[in-house]
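Peer 1:
Numbering (our numbering), first residue to last: 3 to 262.
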């Protein structure tokens with residue numbers, strides 16, 4: 003039994019998971035935006051299997067960050083509820099669409115993933131130039147309709163590509179709630195991502211697009227990676243890593259779209 007488990011482990015995927023988890027813990031960015039294109043472009047995993055396996059990995063990793071913010075009181079649970087009201091059905095709709103496409107699913111994922119990565123890279127550059135200050139003031143009131151709409155659109159994109167639960171959602175949250183504290187933005191985004199990736203991961207498992215071997219190797223690397231990254235972030239702000247991520251995402255997107 004032990005030999006079978008060890009045989010599933012791919013050292014390259016473990017290292018990839020370690021790097022992805024470390025980046026997520028250090029900067030709060032990356033995650034699916036790094037791991038999914040890595041699986042497709044570096045390890046030759048089919049796009050559909052890459053998305054499904056990455057979502058299950060995220061489901062195992064994201065609750066750690068969310069729990070830390072929940073204990074610190076930096077989660078807006080009212081926003082989490084409204085976002086989840088849209089994102090959970092959105093994620094299920096995205097996976098349903100992918101399943102309905104059938105044989106063309108891998109090509110659809112590659113195209114969607116390419117454009118989503120370009121959008122994520124642009125968002126990261128925009129956020130770097132427009133940092134969110136830690137506002138001090140009365141609680142920001144909820145805007146239910148645009149919040150649910152954001153969840154629905156973001157959930158659909160995540161179900162199709164596994165990208166966007168962090169990089170894209172937090173950017174639009176910044177626009178919808180410009181007076182929300184930076185710590186609350188990050189905490190709320192991490193917690194809302196748990197039901198979102200949970201729904202998407204379960205849906206992908208139901209259509210058989212998750213590889214246990216790939217997921218196990220990624221989790222084995224991602225868990226210590228995110229813990230290590232979070233510890234390092236207390237002493238280093240990850241500025242160089244943050245600057246490099248958009249370039250990596252942009253190059254990956256162009257490769258997926260056949261431009262490079």
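Glycine included, every Cβ here is placed at the ideal spot set by N, Cα and C.
Fair warning: this is a prediction, and the values are worked out from it, not measured in the lab.
(1) Compare the Cα-Cα distances from residue 153 to each of 245, 233, 92 and report the closest residue.
(2) Please state the DSSP three-state secondary structure of residue 11.
(3) To the nearest angstrom, how far is the alpha carbon of residue 99 from that of residue 87?
(4) Assuming residue 35 and residue 119 are in contact, meaning their beta carbons sit under 8 Å apart, how far apart are those beta carbons, in whole angstroms?
(5) Would you give the residue range spanned by the alpha helix (DSSP H) that residue 64 belongs to?
(6) From residue 13 to residue 226, what does the alpha carbon distance come to, in whole angstroms?
(7) If contact is defined by three or more beta carbon pairs under 8 Å, each pair taking one atom from either stretch, is the region 45-56 in contact with the region 67-84?
(8) Taking the C-alpha atoms as reference points, what is the distance between residue 76 and residue 65?
(9) Extract the residue ranges of the alpha helix (DSSP H) inside the region 160-210, only unbroken runs of 4 or more that lie entirely within it.
(10) Which term fits residue 221, buried or exposed, when burial requires 16 or more other beta carbons within 10 angstroms of its beta carbon?
(11) Considering only their Cβ atoms, is the gap separating residue 80 from residue 125 smaller than 7 Å?
(12) Do the region 206-219 and the region 172-190 touch if we need at least three Cβ pairs shorter than 8 Å?
(13) Hey, would you say residue 231 sits closer than 7 Å to residue 24, going by beta carbons?
(14) Residue 229: which of 28, 116, 54 sits nearest, CA to CA?
(15) Tell me whether the beta-carbon of residue 219 lies closer than 7 Å to the beta-carbon of residue 59.
(16) Provide the residue span of the alpha helix (DSSP H) that contains residue 101, from first to last.
(17) Relative to the C-alpha of residue 170, which candidate in 115, 163, 104, 122 has its C-alpha closest?
(18) How close, in whole Å, do the beta carbons of residue 193 and residue 68 come, if the pair is a contact with beta carbons under 8 Å?
(19) Counting along the chain, where does the alpha helix (DSSP H) carrying residue 262 start and finish?
(20) Given that a residue counts as buried once 16 or more other Cβ atoms are within 10 Å of its Cβ, and exposed if not, what is residue 106?
(21) Could you tell me whether the Cβ atoms of residue 252 and residue 162 are closer together than 7 Å?
(22) Considering only C-alpha positions, which residue in the set 78, 195, 39, 57 is nearest to residue 179?
(23) Give me, in chain order, the residues of the same chain whose beta-carbon lies closer than 6 Å to that of residue 19; leave out the 5 immediate sequence neighbours on both sides.
(24) Using a 10 Å radius around the Cβ and a threshold of 16 neighbouring Cβ atoms, would you call residue 5 buried or exposed?
(25) Which term fits residue 216, buried or exposed, when burial requires 16 or more other beta carbons within 10 angstroms of its beta carbon?
(26) Nearest-angstrom Cα distance between residue 206 and residue 130?
Peer 2: The relevant details are as follows:
(1) On the chain shown, residue 153 is found 151 positions in, with the first residue counted as 1. Among 245, 233, 92, the Cα nearest to that of residue 153 belongs to 92.
(2) On the chain shown, position 9 is the one that residue 11 refers to. Looking at residue 11 - three-state DSSP - the assignment turns out to be coil, as it is neither helix nor strand.
(3) Taking the chain shown and counting its residues from 1, the one referred to as residue 99 is at position 97. Taking the chain shown and counting its residues from 1, the one referred to as residue 87 is at position 85. Answer to the nearest angstrom: the Cα atoms are 19 Å apart.
(4) For the purposes of this step, residue 35 is taken as the residue at position 33 of the chain shown. For the purposes of this step, residue 119 is taken as the residue at position 117 of the chain shown. The Cβ separation is near 6 Å, so the contact holds.
(5) As a first step, residue 64 is located in the chain shown; it is residue number 62 there, counting from the start. Run containing residue 64: 49-74, per the alpha helix (DSSP H) assignment.
(6) Locating residue 13 in the chain shown gives position 11, counting from the first residue. Locating residue 226 in the chain shown gives position 224, counting from the first residue. When rounded, the distance between both Cα atoms is 14 Å.
(7) no
(8) One-based indexing of the chain shown puts residue 76 at position 74. One-based indexing of the chain shown puts residue 65 at position 63. Approximately 14 Å, taken between the alpha carbons.
(9) 169-178, 184-208
(10) Counting from 1 along the chain shown, the entry for residue 221 is found at position 219. By the neighbour-count rule (16 or more Cβ atoms within 10 Å), residue 221 is buried.
(11) For the purposes of this step, residue 125 is identified with residue 123 of the chain shown, where counting begins at 1. For the purposes of this step, residue 80 is identified with residue 78 of the chain shown, where counting begins at 1. Taking 7 Å as the Cβ cut-off, residue 125 and residue 80 do not qualify as a contacting pair.
(12) no
(13) Position 229 of the chain shown, counting from 1, holds the residue named residue 231. Position 22 of the chain shown, counting from 1, holds the residue named residue 24. Yes, they are a contact pair.
(14) Here residue 229 corresponds to residue number 227 of the chain shown, with the count starting at 1. Residue 28 is the option with its Cα nearest to residue 229.
(15) Counted from its first residue, the chain shown places residue 219 at position 217. Counted from its first residue, the chain shown places residue 59 at position 57. Their beta carbons are not under 7 Å apart, which means residue 219 does not touch residue 59 by this criterion.
(16) As a first step, residue 101 must be located in the chain shown, where it is residue number 99. Start and end: 79-103.
(17) Here residue 170 is taken as the residue at index 168 of the chain shown, counted from 1. Residue 170 has its Cα closest to that of 122, out of 115, 163, 104, 122.
(18) Here residue 193 refers to the residue found at position 191 when the chain shown is read from its first residue. Here residue 68 refers to the residue found at position 66 when the chain shown is read from its first residue. Contact holds; Cβ gap of about 4 Å.
(19) As a working mapping, residue 262 is identified with position 260 in the chain shown. No alpha helix (DSSP H) contains residue 262, which DSSP labels as neither H nor E.
(20) Sequence index remark: in the chain shown, residue 106 carries index 104 (1-based). Residue 106 is exposed by the Cβ-count criterion.
(21) Your numbering for residue 252 matches position 250 in the chain shown. Your numbering for residue 162 matches position 160 in the chain shown. Their beta carbons are not under 7 Å apart, which means residue 252 does not touch residue 162 by this criterion.
(22) Residue mapping note: residue 179 aligns to position 177 of the chain shown, counting from 1. Minimum Cα distance to residue 179 is reached at 78.
(23) In the chain shown, the residue the question calls residue 19 occupies position 17. Close CB contacts of residue 19 within its chain, under the 6 Å cut and outside five residues either way in sequence, are with 220, 223, 224 (chain order).
(24) Within the chain shown, residue 5 is the residue found at index 3, counting from 1. The predicted position of residue 5 is uncertain, since its pLDDT is 36 and thus under 50; a value taken from the coordinates is nonetheless stated next. Per the 10 Å Cβ criterion, exposed.
(25) The count along the chain shown starts at 1 and reaches residue 216 at position 214. Buried.
(26) Here the question's residue 206 lines up with position 204 in the chain shown. Here the question's residue 130 lines up with position 128 in the chain shown. Using only the alpha carbons, I get a separation of about 33 Å.
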